[in-house]
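Residue numbers (this note's numbering), protein chains in the order written: chain A, 88 to 276; chain B, 2 to 308; chain C, 128 to 556. For each residue, glycine too, the CB sits at the ideal point set by N, CA and C. Small disclaimer: the values here were computed from a predicted structure and weren't measured.
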Amino acid sequence: MPKKLLDSKEIDRTLTRISHEIIERNKGTEGLCLVGIQRGGVHLAERLAKKIKGTDASSSDIPVGSLDISFYRDDIRIRQPAVSRTDMPFDVEGRKVVIVDDVFFTGRSIRAAMDAIMDMGRPALVQLAVLVDRGHRELPIRADYVGKNIPTSGGERVEVMLEEDGHEDGIFLVSAEEKEDGQGGHGHA
Amino acid sequence: MLSGRHLLGIKDLSAQEIMLYLKSASSFKDILKRDIKKVPALRGRTVVNLFFEPSTRTRTSFELAAKRLSTDVINFSAPSSSILKGESLLDTALTVEALGADIIIIRHSFSGVPHMLSKHLRVSVINAGDGTNEHPTQALLDAFTIMEKKGGFEGLQVAIIGDIIHSRVAKSNIYCLKKLGADVRLIGPATLLPECFRDLGVKTFSSMEEGLEGADVIMMLRLQLERQGKGFFPTTDEYFSQWGLSNKRLRAARPDAIIMHPGPMNRGIEISSDVADGGNSVILEQVTNGLAVRMAVMYHLDERKEQ
Amino acid sequence: MRLLIINGHVIDPSRDFAGSADILIEDGRIKTFAKEGRIKENQGKPEPRVIDAAGMWVVPGLIDMHTHLREPGFEHKETIKTGALAALKGGFTTVCAMPNTNPVNDNAGITEFILKMAQAAGGARVLPIGAVTKGQRGEELAPFYAMREAGCIAFSDDGRPVASPVIMRRALEYAKGLDALIISHAEDPALAGSGVMNEGLLSATLGLKGQPSVAEEVMIYRDIALAELTGGRLHIAHVSTRGGVRVIRQAKERGLKVTAETCPHYFSLTEDAVAGYNVNAKVNPPLRTAADVEAIKEGIRDGTIDVIATDHAPHGREKRTRQFDDAPSGISGLETALSLGLALVDEGVLTGLELIRKLTVNPAGILCIDKGALIEGTEAELVIFDPEKRYVLDAEKMISLGKNTPFDGRQLKGRVIKTICGQKVLEWD
Numbered sequence: 088m089p090k091k092l093l094d095s096k097e098i099d100r101t102l103t104r105i106s107h108e109i110i111e112r113n114k115g116t117e118g119l120c121l122v123g124i125q126r127g128g129v130h131l132a133e134r135l136a137k138k139i140k141g142t143d144a145s146s147s148d149i150p151v152g153s154l155d156i157s158f159y160r161d162d163i164r165i166r167q168p169a170v171s172r173t174d175m176p177f178d179v180e181g182r183k184v185v186i187v188d189d190v191f192f193t194g195r196s197i198r199a200a201m202d203a204i205m206d207m208g209r210p211a212l213v214q215l216a217v218l219v220d221r222g223h224r225e226l227p228i229r230a231d232y233v234g235k236n237i238p239t240s241g242g243e244r245v246e247v248m249l250e251e252d253g254h255e256d257g258i259f260l261v262s263a264e265e266k267e268d269g270q271g272g273h274g275h276a
Numbered sequence: 002m003l004s005g006r007h008l009l010g011i012k013d014l015s016a017q018e019i020m021l022y023l024k025s026a027s028s029f030k031d032i033l034k035r036d037i038k039k040v041p042a043l044r045g046r047t048v049v050n051l052f053f054e055p056s057t058r059t060r061t062s063f064e065l066a067a068k069r070l071s072t073d074v075i076n077f078s079a080p081s082s083s084i085l086k087g088e089s090l091l092d093t094a095l096t097v098e099a100l101g102a103d104i105i106i107i108r109h110s111f112s113g114v115p116h117m118l119s120k121h122l123r124v125s126v127i128n129a130g131d132g133t134n135e136h137p138t139q140a141l142l143d144a145f146t147i148m149e150k151k152g153g154f155e156g157l158q159v160a161i162i163g164d165i166i167h168s169r170v171a172k173s174n175i176y177c178l179k180k181l182g183a184d185v186r187l188i189g190p191a192t193l194l195p196e197c198f199r200d201l202g203v204k205t206f207s208s209m210e211e212g213l214e215g216a217d218v219i220m221m222l223r224l225q226l227e228r229q230g231k232g233f234f235p236t237t238d239e240y241f242s243q244w245g246l247s248n249k250r251l252r253a254a255r256p257d258a259i260i261m262h263p264g265p266m267n268r269g270i271e272i273s274s275d276v277a278d279g280g281n282s283v284i285l286e287q288v289t290n291g292l293a294v295r296m297a298v299m300y301h302l303d304e305r306k307e308q
Numbered sequence: 128m129r130l131l132i133i134n135g136h137v138i139d140p141s142r143d144f145a146g147s148a149d150i151l152i153e154d155g156r157i158k159t160f161a162k163e164g165r166i167k168e169n170q171g172k173p174e175p176r177v178i179d180a181a182g183m184w185v186v187p188g189l190i191d192m193h194t195h196l197r198e199p200g201f202e203h204k205e206t207i208k209t210g211a212l213a214a215l216k217g218g219f220t221t222v223c224a225m226p227n228t229n230p231v232n233d234n235a236g237i238t239e240f241i242l243k244m245a246q247a248a249g250g251a252r253v254l255p256i257g258a259v260t261k262g263q264r265g266e267e268l269a270p271f272y273a274m275r276e277a278g279c280i281a282f283s284d285d286g287r288p289v290a291s292p293v294i295m296r297r298a299l300e301y302a303k304g305l306d307a308l309i310i311s312h313a314e315d316p317a318l319a320g321s322g323v324m325n326e327g328l329l330s331a332t333l334g335l336k337g338q339p340s341v342a343e344e345v346m347i348y349r350d351i352a353l354a355e356l357t358g359g360r361l362h363i364a365h366v367s368t369r370g371g372v373r374v375i376r377q378a379k380e381r382g383l384k385v386t387a388e389t390c391p392h393y394f395s396l397t398e399d400a401v402a403g404y405n406v407n408a409k410v411n412p413p414l415r416t417a418a419d420v421e422a423i424k425e426g427i428r429d430g431t432i433d434v435i436a437t438d439h440a441p442h443g444r445e446k447r448t449r450q451f452d453d454a455p456s457g458i459s460g461l462e463t464a465l466s467l468g469l470a471l472v473d474e475g476v477l478t479g480l481e482l483i484r485k486l487t488v489n490p491a492g493i494l495c496i497d498k499g500a501l502i503e504g505t506e507a508e509l510v511i512f513d514p515e516k517r518y519v520l521d522a523e524k525m526i527s528l529g530k531n532t533p534f535d536g537r538q539l540k541g542r543v544i545k546t547i548c549g550q551k552v553l554e555w556d
């Protein structure tokens, strides 16, 4: 059985905390935009944007983009080639970009996301917000905002289930033997 | 997912495979709109354009698409198809492969050459037009253009006009559009449009007026002028008078019909200038879409190769 | 040496016989043909070597009216030696060599060369067919009398049609003086154009130039009309179309002395074999539609088609790597013909006797040779054939240098076990 690490309430609380940290670190919401990595990061970015707006009454809508990093991956040879849509309804030039992802693992997806964003323009700064950091970094990349640190072994897998995909919110640790079932989740093996 | 590591023809593809290419092409088209029109998706790969038949347009389109994917591109053009035959044709392809090519794009004036070479090569082969057989990337870019303009294919009335029997563009388009659910009508003189095409599930017409009635998409083909005087049609004047697309003829089609042409056009022979440059024409967009579609094809075939 | 073949199912069309019989061969000649009972008369002679042919067919050595041996000029495709040995393995003890060699067999010198090489080869008997026109160019008649004197059995420009109706007329007229047979490669060159396969939806969707079936039909019609005009002896080679069969049937109904052959691939395969640009299925005339195959079978059944010939057309290995348009036409057919013919018996198109007739006495009659029969006193030429043996064809194991066959890798039924040629008994695995 997968082990539940965070339930719906805890996820919500974590996102609220991250939204506060984002406002604090950036001294407001001026020039702020969130970019979710397809697919798990996009829903989280949207939730964060709502929370930020709800927290800072002076804030206008926080623009949210979705980023497909397929074309920037260094491991396309072993990934399924389904390409999702990149949708960036704003110009990143001069903005404070917060990349949002569900599970922070090797750092390779974030590297790809940074390259993709740089090809769209020159942001003022780029930050990283993740719901779960499971360790095992392969690149010198560090998150600015971390929901929860979950030490894992290499064979394990972290599954993030979200309401937006028709599940109950929850974060699960799946052991090596259970791995083939990953329906709907966006865990990073 | 893709069933093979080559793209030899639309004939061999499923509707799902076609749609995979078209969907990815949308993502690549977004990239082409950016200031930095390049992604590192195929960095380090080598693409060879092996063209045994001159074609600046198609070759340039493939070359640019490959460069937009960060590959290294080599153009290997044989001055004339007749020079390289038999063993030497295969030898040329094997040499190109030995140079380290990952994707070889082949155009040849004989049908089946990419198929024959693909059997002997380990790299991915893309058919960029073989004889009078197929031109699969043209059909994909045409389908992509139709999808963008019309939203879908089911029940769409598509008329293809001209030298059907000798046109690889027409054949790839017939297979592609039928697989995607469109209704296809073919229009042309019987010398260029044998009745046997009906067995493909399309309607055939010799009259433009009848064939264009209610059409959503009008696809004109380039008339090979050397067919004149060989018994296929008597003169280009007579051809235009019967099968050329003019504004007057266009009235039979739906008012929002789009007009397509694979290029290069023979203005005044298969299409009048006012139609080619008119509001319904999407001919230049086809060229742009060609880049996006060819990027999608190379991207997915490269994936496939590694599996 | 004495050889006694017992327990076999013997088929001898010359005496309309198919049944159990024993055959005694003495010094390379058929000594006794006994329909009933054992051959007992040893009369002090040494005990014969006994071949038990239980379950086998014992048939006269087959005659192939249509073989390309390629020598002189194309020895990388086939030599007279390899072709004549491949013939024996296929059950053919006599083959007629078509003249499209290099140089063309259009004079007595080449004819003599072929016969000399054939003699040295020690394979099947080779009967050269001379060209109708010099260099097969379709312009001037070749010297029929000198070539006949040298050993030519018939005349044909096979490989290409005699395009000019005037030249064809003259050939039929001139050959009459020799009572010689003219074999027509019936293909209207203008209608056939540069077609590389049958014309139809498949050619259109493969993007290959099609050769319409009327190209054959029209030419057969022309040649029959010319044969009627001249009274010459005409044989139509490799009939492949429904229309062709119909025209020949009508001519025979009118009592004209025209004969015709088809080849195993025209009743075994349709144009679908070409799909995927399979060069091994490229042959001229091209493989046709299922309707044509049915008509060919009907023509075989009702006697419109007299002969099954191989049109053995070997090519070198490079054929495999050529683009379809450029690849040479032809199928290496000597070693598969009998298996493919047997399928007609299994399908009920022909009886075994009728099949063997189209491979022995019918071609012998058309060529006016005393072969293809199991007659006492004649040279022993016979084939022992296992009609039940199934095998997967491996082209690489064929004797012919031409490995070009669309049947490679297919399961075939019926295999030649032994070929007896005079004193020689050849055993095949």
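Contact annotation: F160/C and G188/C have beta-carbon atoms that are not nearer than 8 Å. For the segment 443–461 of chain C, the residues whose beta carbon sits under 7 Å from a beta carbon of chain B are, in order, E445, T448, R449, Q450, F451, D452, D453.
Contacts between K172/B and chain C, judged by CB atoms closer than 9 Å, involve A331, T332, G334 in chain order.
Rounded to whole angstroms, A171/B and A94/B show a C-alpha spacing of 27 Å.
Not flagged as an interface residue toward chain B: M201/A, since no C-beta distance is shorter than 8 Å. In this structure, L461/C lies near S527/C, with their beta-carbon atoms less than 8 Å apart.
For the alpha helix (DSSP H) assignment, the uninterrupted runs of no fewer than 4 residues enclosed by the segment 179–244 of chain C are, from N- to C-terminal side, 207–217. Take M525/C, set aside five residues on each side of it, and the residues of its chain with a beta-carbon closer than 6 Å to its own are E462, in chain order.
Cβ-Cβ separation between E388/C and I432/C: approximately 7 Å, consistent with a contact (criterion under 8 Å). Close partners of I166/B in chain C (Cβ separation under 8 Å): A331.
Fewer than three Cβ pairs drawn from the segment 538–554 of chain C and the segment 494–501 of chain C lie within less than 8 Å of each other, which leaves the two stretches out of contact. Between I207/C and A245/C, the gap from beta carbon to beta carbon is short of 8 Å. Straight-line measurement puts the Cα of V288/B at about 42 Å from the Cα of E225/A.
Residue pairing by DSSP places L260/A opposite K90/A, V245/A in a beta bridge.
As computed with DSSP, S311/C is found in a beta bridge with I363/C. Residue nearest to Y240/B within the set Q229/B, D36/B, T205/B is Q229/B (criterion: CA-CA distance).
Under the Cβ distance rule, L328/C counts among the residues neighbouring chain B, one pair being separated by less than 8 Å.
Taking C-beta atoms as the reference points, I363/C and F394/C fail to come closer than 8 Å. Per DSSP, reduced to three states, the secondary structure at G541/C is strand.
In the DSSP assignment, no residue is bridged to E239/B. The alpha-carbon separation between A440/C and Q225/B amounts to approximately 36 Å.
Using a Cβ distance threshold of 8 Å, F233/B and T192/B count as a contacting pair. For the C-beta of L21/B, not a single chain C residue is nearer than 8 Å; the gap to the nearest is close to 24 Å. Taking R60/B as the centre and dropping the five residues before and after it, the same chain places the C-beta of N50, F52 closer than 6 Å to its C-beta, in chain order.
Beta-bridge partners of T546/C (DSSP): V510/C, L553/C. Taking the CA atoms as reference points, V345/C sits about 8 Å from G371/C. Using a Cβ-Cβ cut-off of 7 Å, D143/B is close to nothing in chain A; its nearest Cβ partner there is about 21 Å away. For V179/A, no alpha helix (DSSP H) run applies, since DSSP gives it neither H nor E. With a cutoff of 8 Å on beta-carbon distance, R176/C and L130/C are scored as near each other. Contact between M266/B and A277/B holds, with the beta-carbon distance rounding to 6 Å and staying under 8 Å.
E198/C sits buried, since 16 or more C-beta atoms from the chains shown fall within 10 Å of its C-beta. Chain-order list of chain A residues neighbouring R199/B: empty, with the shortest C-beta distance near 37 Å, by a criterion of under 8 Å. Cβ neighbours of I272/B within its own chain (closer than 7 Å, five residues either side excluded): M221, G245, L246, H262, M266. DSSP places V122/A within a strand segment (E or B) once states are collapsed to three. Secondary-structure assignment with DSSP links R176/C through a beta bridge to L130/C. Here the alpha carbon of I188/B sits roughly 39 Å from the alpha carbon of V289/C.
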